[in-house]
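Residue numbers (the numbering used here): 601 to 934.
We put the CB at the ideal spot given by N, CA and C, even for glycine.
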Amino acid sequence: MSPARIWREHEDSDGTRILEVAKCLRDGGLVVFPTETVYGLGANALDAAAVASIFRAKGRPPHNPLIVHVADVQSARELAAVWPNVAQVLAEAFWPGPLSMVLARNDRVPDVVTAGGPTVALRCPNHRTALDLIRHAGVPVAAPSANPSGYVSPTRVEFLAEPIEQAADWILDAGPCHGGIESTVLDLTVDPPSILRPGLLSREDLARVLGPAIAVGTGTGSAVPRSPGVLGRHYAPSAQVVLVPAHADAFSVTRDLAANGHRCALLTFGSVAGPSYDMIVVTMPRDARAYGRELYRALADLDRRGVRYIVVEEPPDTVEWEAVRDRLQRAALG
Ligand code: TXA
Ligand code: MG
């Protein structure tokens, strides 16, 4: 397989090269593209063979369904068996944006996209390059995050893993993603709607439109079924993530690991005077959005630097931190 070709916005000022990328996508190719959350690895959602190649490239288990990306509401409706009023209301409020709506699917959607299930997740990303690509391709685009299954999602093309680069025909480089955390996956086949995966669109944002009755599918011990992709360890770097409760002393945890000869990093809200041993200290933002934007970059960067343990000071247990806490908890699973 020849390595992917790279597209950069400033090299395509008249927008002709992206037409070539879109044609490749429509014809069964794989394209890494930016969104407002993370980079995705896209294929023509109506082409089962192309979608199957996404699963191979990521080493993704076949039971984990993909999100289908569309450029507008009309294209979403063409894939759903029914388009309930709540979907219309949410689309008007939050699309384009980081909301993936799970709806009953119709038979235009190949089984491989939905992992054989009766529903499909639909999302209209808020990113000009993504929307241009989807519009020019003229087909819905199935895309998971562009990482090997289970690993940290890439928020810049510099962080793409080798197997993904090898599998892609094109890589659309539009710099760092502004959101940094994946979309919120909301199940609209149940009443009240249920959050299957917390994400960039917060529960508060949803509550403003839906009212306070939104079930959570992600809390530990919850009876509500989760998205298959949020079961078990996920969003994890190669290094072991150690999540230290806010009341405990993350610095001494790191120091003890480092004293045992392990290369360590500490993700902290404070600063550390004169860090000892072999320890990288990363001061993270106290604002949840800014933290989310930085998190995967920090994890990917520390992996590159060969860190064995990443000790993370647990963020506050408040609603604005929900998505970040979810990712950290899953990354820390053994
Ligand atoms: O922000 C995002 O959502 C990024 C960008 C590229 O759009 N995509 C992304 O896709 O994070 P992925 O495949 O890494 O995560 C999709 C999540 C998984 O947890 C999957 O199980 C869930 O959505 N999902 C997809 N289709 C579903 C369905 N029909 N029912 C329930 N969960 C579904
Ligand atoms: Mg993913």
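TODO: Check the DSSP bridge columns for Met-701 and list the partner residues they point to.
DONE: Position 101 of the sequence shown holds residue 701. DSSP links Met-701 through a beta bridge to Leu-722 and Leu-786.
Open item on the list: Using a Cβ distance threshold of 8 Å, determine whether the region 702-722 contacts the region 833-848, with at least three qualifying pairs required.
Closed with: The answer is no - the region 833-848 does not touch the region 702-722, with fewer than three Cβ pairs under 8 Å.
TODO: Name the one or two DSSP bridge partners that Asp-773 has.
DONE: Along the sequence shown, read from residue 1 onward, the residue named residue 773 stands at position 173. Secondary-structure assignment with DSSP links Asp-773 through a beta bridge to Arg-608.
Task: CB contact flag (Ala-888, Pro-763, <8 Å) - done: The count along the sequence shown starts at 1 and reaches residue 888 at position 288. The count along the sequence shown starts at 1 and reaches residue 763 at position 163. Not in contact: Ala-888 and Pro-763 (Cβ atoms no closer than 8 Å).
Task: Thr-868: first and last residue of the uninterrupted beta strand (DSSP E) it sits in - done: In the sequence shown, the residue the question calls residue 868 occupies position 268. Unbroken beta strand (DSSP E) run through Thr-868: 864-868.
Open item on the list: Any contact between the region 726-742 and the region 657-674? By contact I mean 3 or more CB pairs, one from each, below 8 Å.
Closed with: By the C-beta criterion, the region 726-742 is judged to be in contact with the region 657-674, since at least 3 inter-stretch pairs fall below 8 Å.
Open item on the list: Measuring only the C-alpha atoms, how far is His-727 from Pro-916?
Closed with: What you label residue 727 is simply residue 127 of the sequence shown in a count that begins at 1. What you label residue 916 is simply residue 316 of the sequence shown in a count that begins at 1. His-727 and Pro-916: Cα-Cα distance of roughly 30 Å.
Task: Integer-rounded CB distance, given that Val-686 should sit under 8 Å from Leu-788 - done: Counting from 1 along the sequence shown, the entry for residue 788 is found at position 188. Counting from 1 along the sequence shown, the entry for residue 686 is found at position 86. So it is a contact: roughly 6 Å between Cβ atoms.
Task: Reduced DSSP category for Tyr-877 - H, G, I as helix; E, B as strand; rest coil - done: As a working note, residue 877 is residue 277 in the sequence shown. In this structure, Tyr-877 counts as coil in the three-state DSSP scheme.
Open item on the list: Following a CB-centred definition, is Ala-721 positioned closer than 7 Å to any heavy atom of the ligand TXA?
Closed with: Along the sequence shown, one-based indexing puts residue 721 at 121. Distances taken from the Cβ of Ala-721 to the heavy atoms of the ligand TXA include one shorter than 7 Å.
Task: 7 Å CB neighbourhood of Arg-626 in its chain, flanking five on each side removed - done: For this step, residue 626 is matched to residue 26 along the sequence shown. Answer for Arg-626: Asn-644, Ala-737, Gly-738 and Val-739, listed in chain order.
- [ ] Name the two residues that bound the continuous alpha helix (DSSP H) containing Leu-690.
- [x] Translated into positions along the sequence shown, residue 690 becomes position 90. Where Leu-690 is concerned, the enclosing alpha helix (DSSP H) stretches over 685-694.
Task: Inter-stretch contact (C-beta, 8 Å, three-pair minimum) for the region 854-862 and the region 878-892 - done: Proximity of the region 854-862 to the region 878-892 meets the contact definition, three or more beta-carbon pairs being nearer than 8 Å.
TODO: Just grab the DSSP bridge partners of Val-632 for me.
DONE: Taking the first residue of the sequence shown as position 1, residue 632 is located at position 32. Paired residues: Leu-641 and Ile-771.
Open item on the list: With a threshold of 8 Å on Cβ separation, who are the neighbours of Gly-555 within its own chain once the five nearest residues in sequence on each side are excluded?
Closed with: Outside the shown range of the chain (601 to 934) lies residue 555, about which nothing can therefore be said.
- [ ] Look at Leu-666 and Val-713 and say whether their C-beta atoms are less than 8 Å apart.
- [x] As a working note, residue 666 is residue 66 in the sequence shown. As a working note, residue 713 is residue 113 in the sequence shown. Annotated as proximal: Leu-666 and Val-713, with beta-carbon spacing under 8 Å.
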